[in-house]
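Just below is one structure, and these are the notes that go with it.
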Amino acid sequence: MLDIAATALPTGEEFLESLRDDREVWFHGERVKDVTTHPGFRNSARSLARLYSAMHDPALKDKVLVPTDTGNGGETHAAFRIQRTKDDLRAARSAIRVWQEQSFGWMGRTPDYKASLLTALGADPEFFGEYADNARFWYKKSQENVLHMAHAIINPPVDRSRPFDEVNDVFVHVERETDAGLIVSGAKVVATGSPHTQYLFVSHVGAPATKKEFALAFICPTNAPGTKMFCRSSYEFNAAAATGPFENPLTSRLDENDAVLIFDKTLIPWENVIVYDIDRINRLCDATEWESRAIMQASTRMSVKLDFLAGALSKALDITGAGKFRGVEAGLGEVVNWRNALTAIRDGMIENATPGPGGSLSPCMAYGRSYTALAPKLYSRIREIIETVVASGLIYLNSHVTDLQSPEMRPYLDKYLRGSDGLTALDRSKTMKLLWDAIGSEFGARHELYELNYFGAPEMNHLLALDDARRDGMMDHARSLVETCMSEYELTGWTVDDMFQPTDVSRVGRWQT
């Protein structure tokens with residue numbers, strides 16, 4: 238792993254160099270020698286490098302950087318520093334948005350996402366007990382170096398009928414303790430983006446752990462011996478082999494590969510252990526409140542993504558000429574309304590933030606729950622709107638960029654694929670292929686699945702919101718409103734003095750004074 242000077246933020250090139258570390262990434266039956274040059278990973282790596290370059294861009298860095306709080310005298314991305322005030326949360330929001338605009342909102346596991354957990358390590362290190370110093374160290378290291386860290390917390394769904402800690406041959410567990418650290422084996426899914434990260438955070442969520450060997454959370458370098466990543470199909474590779482950036486401009490550079498993360502007797506040094514305790518692993522999410530910061534990051538990313546989709550849809554309607562129709566224009570307006578509603582939820586998280594661990598300020602989780610419940614529905618709805626109002630325009634296209642380069646085909650394409658108001662066949666092809674890549678390609682379908690399950694099953698998010706409402710008194714207040722209303726009338730009429738009884742006009746004749 239490339240060491241960066243204590244006060245120097247990594248550049249894009251330095252980030253890429255840090256990935257050239259002999260990590261064990263497997264794809265198409267072969268070990269990938271270098272994710273920064275392999276056609277299945279290289280352009281996505283460069284999209285991530287743009288984030289680090291943005292921290293050095295004079296036009297952007299003032300919107301991204303804040304002074305560190307580690308004592309090194311440097312600067313860091315605002316999401317990597319503990320937020321203690323609403324202004325801190327607003328600064329983090331601004332910095333996250335600048336980064337997300339570099340990838341148009343299409344990369345969900347950028348470094349600012351995991352910053353939501355890393356700041357929790359620094360806010361309340363004492364929660365981690367004997368590993369408190371480890372928490373402090375990783376908070377400092379991640380902040381000063383703006384580390385890109387993947388997380389893997391879900392167990393492979395090999396047998397969900399059994400308690401997770403009874404599937405000990407598959408799930409991540411401690412094989413033995415040594416003087417140097419823990420020897421760990423097992424697998425986690427879905428380690429989104431892990432082939433492009435510098436470190437891995439591994440933990441547990443879900444059913445409570447009951448055995449200590451499963452009750453662990455740790456950080457390890459992505460190239461740690463015994464650590465393997467078995468990648469799904471690379472959409473970037475498929476696009477490079479069959480189409481190219483004109484046909485698949487998003488797929489070709491923004492594919493965060495989802496890998497199966499495997500540990501085969503991997504040594505986790507004691508200084509990299511964060512939790513090794515049944516009680517603490519089961520309380521980790523609630524005690525650290527990292528989820529609320531993760532949702533704030535996610536909702537900011539989604540707002541950028543919806544800006545992008547609204548813009549792409551608007552351009553598509555210019556080409557078809559259908560944007561002048563009332564119903565079609567209303568569809569675009571609905572996309573804008575969803576975007577505004579989501580942004581309002583995110584801002585509500587900030588403006589209604591609550592005291593968090595260690596003097597930090599946590600975005601309001603009640604609003605956060607609303608985001609996790611509504612985002613999957615709104616994303617599917619936006620895709621439906623696009624498919625409805627653009628319709629066959631998404632399919633009425635040439636097969637490949639070479640068609641437009643063909644002297645025999647080009648005159649016909651210029652005539653029969655032209656758009657409205659002077660827009661050309663090239664305009665149509667470029668815009669519609671972009672929109673199809675966003676919602677109709679394999680990349681686009683994966684994104685809908687990603688957003689649908691981003692924070693767990695949609696049903697669970699509704700249940701969690703209800704639990705919160707019962708715990709914080711919201712449901713009691715809601716019921717009291719109804720009970721107050723119902724207490725003001727009964728079979729004989731009003732029970733309050735300031736309302737007129739209907740006896741003077743009632744035709745039923747059953748009202749009593």
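Numbering (my numbering), first residue to last: 238 to 750. Heads up, the beta-carbon is just placed ideally off N, CA and C, and yes, glycines get one too.
What do you reckon, are the CB atoms on L354 and W507 nearer than 7 angstroms?
In this structure, L354 sits away from W507, with a CB-CB distance that is not shorter than 7 angstroms.
Host beta strand (DSSP E) of A387 (start-end)
Counting along the chain, A387 sits inside the beta strand (DSSP E) bounded by residues M386 to A389.
Since Y616 contacts E688 with CB under 8 angstroms, what's their CB separation in whole angstroms?
So it is a contact: roughly 4 angstroms between Cβ atoms.
Taking all protein chains shown into account, decide if V565 is buried (16 or more other Cβ within 10 angstroms of its Cβ) or exposed.
Only buried fits V565, as 16 or more other CB atoms lie within 10 angstroms of its CB.
Applying the 10 Å Cβ sphere with the 16-neighbour rule, what's the burial state of N574?
With fewer than 16 other beta carbons inside 10 angstroms of its own, N574 counts as exposed.
Assuming V439 is part of the beta strand (DSSP E), what are its boundary residues?
It spans Y436 to V439 - the beta strand (DSSP E) in which V439 sits, taken as one unbroken run.
Quick check: the Cα distance between M238 and E493, rounded to an integer number of angstroms?
Because M238 sits at a pLDDT of 45, beneath the cut-off of 50, its placement in the model cannot be relied upon, and the following sentence gives the value as read from the coordinates. Computed Cα separation, rounded: 21 angstroms.
Output needed for W731: all residues of its chain with C-beta closer than 7 angstroms, excluding positions within five of it in sequence on either side, in chain order.
Take W731, set aside five residues on each side of it, and the residues of its chain with a beta-carbon closer than 7 angstroms to its own are E725 and Q738, in chain order.
Straight-line CA distance for T274 to A477?
Straight-line spacing of the CA atoms in T274 and A477 works out to 13 angstroms.
Given a cut-off of 7 angstroms on the beta-carbon distance, is the pair T434 and H385 in contact?
Yes.
Nearest residue (CA-CA) to R318, options S281, Y368, K378 and R683:
When S281, Y368, K378 and R683 are compared, the shortest CA-CA separation from R318 is found for K378.
Identity of the residues DSSP links to H314 by a beta bridge
Note: H314 sits in a beta bridge opposite L302.
Using the Cα positions of D259 and D271, report the straight-line distance between them to the nearest angstrom.
Between the alpha carbons of D259 and D271 lies a distance of about 7 angstroms.
Suppose only complete runs of 4+ residues qualify. What are the alpha helix (DSSP H) ranges in the region 245 to 292, listed by chain order?
249 to 255 and 279 to 291, all fully within the region 245 to 292.
Would you kindly report the start and end of the unbroken beta strand (DSSP E) that includes D735?
Where D735 is concerned, there is no enclosing beta strand (DSSP E), given that its DSSP letter is neither H nor E.
Nearest-angstrom Cα distance between T459 and A428?
Those two C-alpha atoms are separated by around 11 angstroms.
Would you kindly check if the distance between the Cβ of G423 and the Cβ of T409 is under 7 angstroms?
A quick correction: the sequence has Val, not Thr, at residue 409. Contact: yes.
Alpha helix (DSSP H) containing L546: first to last residue?
Looking at the DSSP string, the run of the alpha helix (DSSP H) that includes L546 is W527 to T557.
Who does P362 pair with in a DSSP beta bridge?
Secondary-structure assignment with DSSP links P362 through no beta bridge to anything.
Specify the secondary structure class of M238 as computed by DSSP and reduced to three states.
Residue placement at M238 is poorly supported in this model, since its pLDDT is 45, which falls under 50; the coordinates are not used for a value here.
Just to check my reading of the structure: A262 and M466 have Cβ atoms closer than 8 angstroms, yes? What is that Cβ distance to the nearest angstrom?
The residue you asked about is not Ala; residue 262 is Val in the sequence shown. The Cβ separation is near 5 angstroms, so the contact holds.
Got a sec, what are the start and stop residues for the alpha helix (DSSP H) S643 sits in?
Taken as a continuous stretch (DSSP letters only), S643 belongs to no alpha helix (DSSP H), as it is neither H nor E.
Taking R334 and V572 to be in contact with their CB atoms under 8 angstroms, please state how far apart those CB atoms are, rounded to whole angstroms.
Not confirmed; about 19 angstroms, so no contact.
For the beta strand (DSSP E) that D495 lies in, which residues bound it at each end?
Residues D495 to P506.
Stretch pair the region 413 to 421 + the region 503 to 519: three plus CB contacts closer than 8 angstroms
Enough Cβ pairs lie closer than 8 angstroms, so yes.
Identified DSSP bridge partners for S422
According to DSSP, residue pairing for S422 in a beta bridge involves H410.
When you compare the region 550 to 569 with the region 473 to 489, are there three or more beta-carbon pairs, one atom per stretch, that lie closer than 8 angstroms?
These segments do not touch.
Range covered by the alpha helix (DSSP H) that runs through M712
M711 to S724 is the extent of the alpha helix (DSSP H) around M712.
Is it right to say L703 is buried, meaning 16 or more other beta carbons lie within 10 angstroms of its own, or is it exposed?
By the neighbour-count criterion, in which 16 or more other beta carbons inside 10 Å mark a residue as buried, L703 falls on the exposed side.
Best match in A682, W673 and M697 for proximity to L611 [C-alpha to C-alpha]:
Nearest option by C-alpha distance: M697.
Outcome for A535 when other beta-carbon atoms lying within 10 angstroms are tallied against a minimum of 16
So A535 ends up on the buried side.
Does DSSP put W343 in a helix, a strand or coil?
Here DSSP, grouped into helix, strand and coil, assigns W343 to coil.
On a CA-only basis, which of N635, G366 and L663 is nearest I518? Give me that one, please.
Among N635, G366 and L663, the Cα nearest to that of I518 is on G366.
Should the region 665 to 679 be called in touch with the region 582 to 591, which here means at least 3 C-beta pairs below 8 angstroms?
The answer is no - the region 582 to 591 does not touch the region 665 to 679, with fewer than three Cβ pairs under 8 angstroms.
Classify L246: buried if its beta carbon has 16 or more other beta carbons within 10 angstroms, exposed otherwise.
Per the 10 Å Cβ criterion, buried.
Find out if the Cβ-Cβ distance for the pair R538, G342 is shorter than 7 angstroms.
Going by C-beta atoms, R538 is nearer than 7 angstroms to G342.
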